[in-house]
Amino acid sequence: MSKLLFNGSVEKLYSLALRLYPQPFRDAYAPQMRQTLRDALTDRVSRRPYFLNLIARDLITSIFKEYLSMFRELYARPALIFNAIILAGIASGIALALYAIPQQVLRNGANDPQIQLATDAVARLEDGAALSEAIPAGNVDMARSLAPFIIAYDNQGKPLASQAKLNGGVPVLPTGVFDYVRQHGEERVSWQPILGNTRGVRIAAVVERVGGAHPGFVLAGRSLREVELREAQVEQMAGLTWIGMLALIVIGTLAYGWLTRSPVQRLATSI
Amino acid sequence: MATADSSSPLTPAVFAILLALAEDNKHGYAIMKEANTPKGGCVSMGPGTLYGTLDRLMRDGLVEETGMTDNERRRYYRLTADGRAAVSAEVVRLDAAVSSARSLGLIPKRVRS
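In the order they appear, the protein sequences are chains A and B.
Note that the first sequence covers residues 1 to 271 in our numbering.
Note that the second sequence covers residues 1001 to 1113 in our numbering.
Rendered as structure tokens:
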């Protein structure tokens, strides 16, 4: 009697658990699955604790598998996946452009005052102005200030005059920059000066060649701190736009896949 | 999923179901029980795995319902010709692997297969 009661309870619980399967699968196989359970419970040879354990594990794994299988059938259609990949590619391209274009505009714009400062200083030096006249005294702290500044170097790259200091000294540009400017007349670089233990200072630098009787170089620079903050905001906005577009594509693909499912799937999911 | 001409190995559940049905037409519990015996490969599977696998095997044309029932809920299944070919191909593949293992001395001499 108690065995019958126990079997009945197990069957009831199992019937409830069967509701967790996808509806098409449930409609097709739930009666047979219940019958299989009943057969196992009434089978004298079957070891009941072992079988109940097996049923519990099977429920978890097979429910997951059946949903995965249903999902695959609904959405693993080449045209649907191809469209989603194309749309994701377009969205990624747009997001990349949304980041790269403003980033380039911001970065190039960061050079604007320096181009004018360097050009003017070079013109004055080439016209024979004294160093102190072409580069008026300044006291810009490169680590903290956002003000533009000028540094004059001799032909060997040794600092001659500077409106800015870093840790009390005038940082020296890498020799490669001087070599490039010697050949091309001008270079625009993001410079990370290292002097003492200062790290993380990044400068938008414009370096121009000084000709004439006293050849050398003029560097006009400005901290990139604010520009980089704006670049980070642009990056964040582009990233959010990208994620948003991808989410829309996923939702759209799922909705389209569902609406255009085959007549057989439509019948099965509407029962 | 397996097809008759596929050369990829069958999963243990698929192989056990096809092997169980190779002997005779069977209903769900009989297949489960047979699969769990040494001659069926000692594959434990619950009703969810059994009917999920049967569903896919029927769609692949390896198994079909016989249409015979001894109870409204107890349906019988049988192998199709493709299903028989698939299980035969798997047995040949396994036989080659067992021969190889034997030649490497990986199978104790007292075991006969």
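From the three backbone atoms N, C-alpha and C, an ideal C-beta is built for every residue, glycine too.
Separation of alanine 1030 of chain B from methionine 1068 of chain B, as counted between CA atoms: Their Cα atoms are separated by approximately 15 Å.
Would glutamate 11 of chain A pass as a contact of arginine 34 of chain A if the rule is Cβ separation under 8 Å? Yes, Cβ-Cβ distance for glutamate 11 of chain A and arginine 34 of chain A is below 8 Å.
Let me know the secondary structure DSSP gives aspartate 43 of chain A once reduced to three states.
-> Coil at aspartate 43 of chain A, not helix or strand.
task: Give the straight-line distance between the Cα atoms of leucine 160 of chain A and valine 177 of chain A, rounded to the nearest whole angstrom.
output: Leucine 160 of chain A and valine 177 of chain A: Cα-Cα distance of roughly 17 Å.
message = Taking CB distances under 8 Å as the criterion, tell me whether lysine 3 of chain A reaches chain B.
response = So no, lysine 3 of chain A is outside the interface.
| query | In chain B, which residues lie with their C-beta within 9 Å of the C-beta of glutamate 226 of chain A? | reply | Taking a Cβ-Cβ threshold of 9 Å, none of the residues of chain B is close to glutamate 226 of chain A; the smallest such distance is about 60 Å.
- Query: Does the region 145-157 of chain A touch the region 217-224 of chain A, meaning 3 or more C-beta pairs lie closer than 8 Å?
  - Reply: The region 217-224 of chain A vs the region 145-157 of chain A: in contact.
* Validate contact between the region 1059-1067 of chain B and the region 64-82 of chain A using beta carbons, cut 8 Å, 3 pairs -> Contact between the region 1059-1067 of chain B and the region 64-82 of chain A is absent, because fewer than three Cβ pairs lie under 8 Å.
Q. Got a sec, what are the start and stop residues for the beta strand (DSSP E) proline 159 of chain A sits in?
A. Its beta strand (DSSP E) spans residues 159-162.
Check your understanding: With which residues is alanine 220 of chain A paired in a DSSP beta bridge?
Key -> According to the DSSP secondary-structure assignment, alanine 220 of chain A is paired through a beta bridge with A:Ile150, A:Val206.
(request) Could you confirm whether any beta carbon from chain B is found closer than 8 Å to the beta carbon of lysine 12 of chain A? (result) Not one chain B Cβ lies under 8 Å of lysine 12 of chain A.
**Q.** Under 9 Å (Cβ pairs) to chain B, residues found in the region 31-49 of chain A
**A.** Residues Pro31, Gln32, Met33, Arg34, Gln35, Thr36, Leu37, Arg38, Asp39, Ala40, Asp43, Val45, Ser46.
Please list the terminal residues of the continuous alpha helix (DSSP H) segment that includes valine 181 of chain A.
Residue range 175-184 is occupied by the alpha helix (DSSP H) that includes valine 181 of chain A.
Report task. Could you check what DSSP says for threonine 61 of chain A in three-state terms: helix, strand or coil? Result -> Threonine 61 of chain A falls in the helix class under three-state DSSP.
Across the region 118-130 of chain A and the region 165-180 of chain A, are there enough close Cβ pairs to call them in contact, namely three or more that are closer than 8 Å?
Contact between the region 118-130 of chain A and the region 165-180 of chain A is absent: fewer than three C-beta pairs spanning the two stretches fall below 8 Å.
| query | At a cut of 8 Å, does the region 25-39 of chain A reach the region 1073-1087 of chain B through at least three beta carbon pairs? | reply | Yes, the region 25-39 of chain A is in contact with the region 1073-1087 of chain B.
Q) Between which two residues does the beta strand (DSSP E) containing leucine 1079 of chain B stretch? A) Its beta strand (DSSP E) spans residues 1074-1079.
Quick check on the burial criterion: 16 or more other C-beta atoms within 10 angstroms. Buried or exposed for threonine 1066 of chain B? Exposure of threonine 1066 of chain B is indicated by the presence of fewer than 16 other C-beta atoms within 10 angstroms of its C-beta.
| request: For glycine 169 of chain A, name the three-state secondary structure that DSSP assigns. | output: When DSSP states are grouped into helix, strand and coil, glycine 169 of chain A belongs to the strand group.
- Message: What does the Cβ neighbour count give for threonine 260 of chain A, buried or exposed, with the cut at 16 atoms within 10 Å?
- Response: Per the 10 Å Cβ criterion, exposed.
- Message: Measuring straight from C-alpha to C-alpha, what distance separates valine 189 of chain A and proline 136 of chain A?
- Response: Per the coordinates, the alpha-carbon of valine 189 of chain A lies some 23 Å from the alpha-carbon of proline 136 of chain A.
Quick one: residues in its chain with C-beta nearer than 8 Å to the C-beta of tyrosine 1051 of chain B, no 5 flanking neighbours on either side, listed in chain order? Spatial neighbours of tyrosine 1051 of chain B in its own chain (CB-CB distance under 8 Å, excluding positions within 5 residues in sequence) are listed in chain order as Gly1028.
Next item on the list: Check the C-beta distance from aspartate 58 of chain A over to proline 1047 of chain B and give it rounded, since I have them as a contact under 8 Å.
Entry: With 8 Å as the limit, aspartate 58 of chain A and proline 1047 of chain B qualify as a contact, their Cβ atoms being about 7 Å apart.
Who pairs with valine 1063 of chain B in a beta bridge, going by DSSP? Per DSSP, B:Leu1079.
Against chain B: residues of the region 54-70 of chain A by CB proximity under 8 Å
So the close ones are Leu54, Ile55, Arg57, Asp58, Leu59, Thr61, Ser62, Ile63, Lys65, Glu66, Ser69.
**Message:** Quick check: what's the CA-CA separation for alanine 232 of chain A versus glycine 89 of chain A?
**Reply:** The alpha-carbon atoms of alanine 232 of chain A and glycine 89 of chain A are separated by roughly 23 Å.
Worksheet item: Roughly how many angstroms separate the alpha carbons of leucine 13 of chain A and lysine 65 of chain A, rounded to a whole number?
Response: Cα-Cα distance, rounded: 21 Å.
* Per the contact definition of three or more C-beta pairs closer than 8 Å, is the region 1089-1109 of chain B in contact with the region 91-105 of chain A? -> No, the region 91-105 of chain A does not touch the region 1089-1109 of chain B.
Starting from serine 9 of chain A, trace the alpha helix (DSSP H) in both directions and tell me its first and last residue. That run of the alpha helix (DSSP H) goes 2-18.
Checklist entry - Between the C-alpha atoms of alanine 1020 of chain B and methionine 1032 of chain B, what's the straight-line distance to the nearest angstrom? => result When the Cα atoms are used, alanine 1020 of chain B and methionine 1032 of chain B turn out to be separated by approximately 9 Å.
Report task. Can you grab the Cα-Cα spacing for the pair proline 193 of chain A / valine 227 of chain A, in whole Å? Result -> Approximately 17 Å between the Cα atoms of the pair.
Checklist entry - What is the rounded straight-line gap between the Cα of glycine 1040 of chain B and the Cα of aspartate 1070 of chain B? => result Rounded to whole angstroms, glycine 1040 of chain B to aspartate 1070 of chain B spans 24 Å at the Cα level.
Q: Report the neighbours of alanine 110 of chain A on chain B: residues whose CB is nearer than 8 Å to its CB, in chain order.
A: Listed by position along chain B, the residues whose Cβ is nearer than 8 Å to that of alanine 110 of chain A form an empty set, because the closest Cβ is around 58 Å away.
Between which two residues does the alpha helix (DSSP H) carrying asparagine 155 of chain A extend?
Note, asparagine 155 of chain A: premise wrong, no alpha helix (DSSP H); not H, not E.
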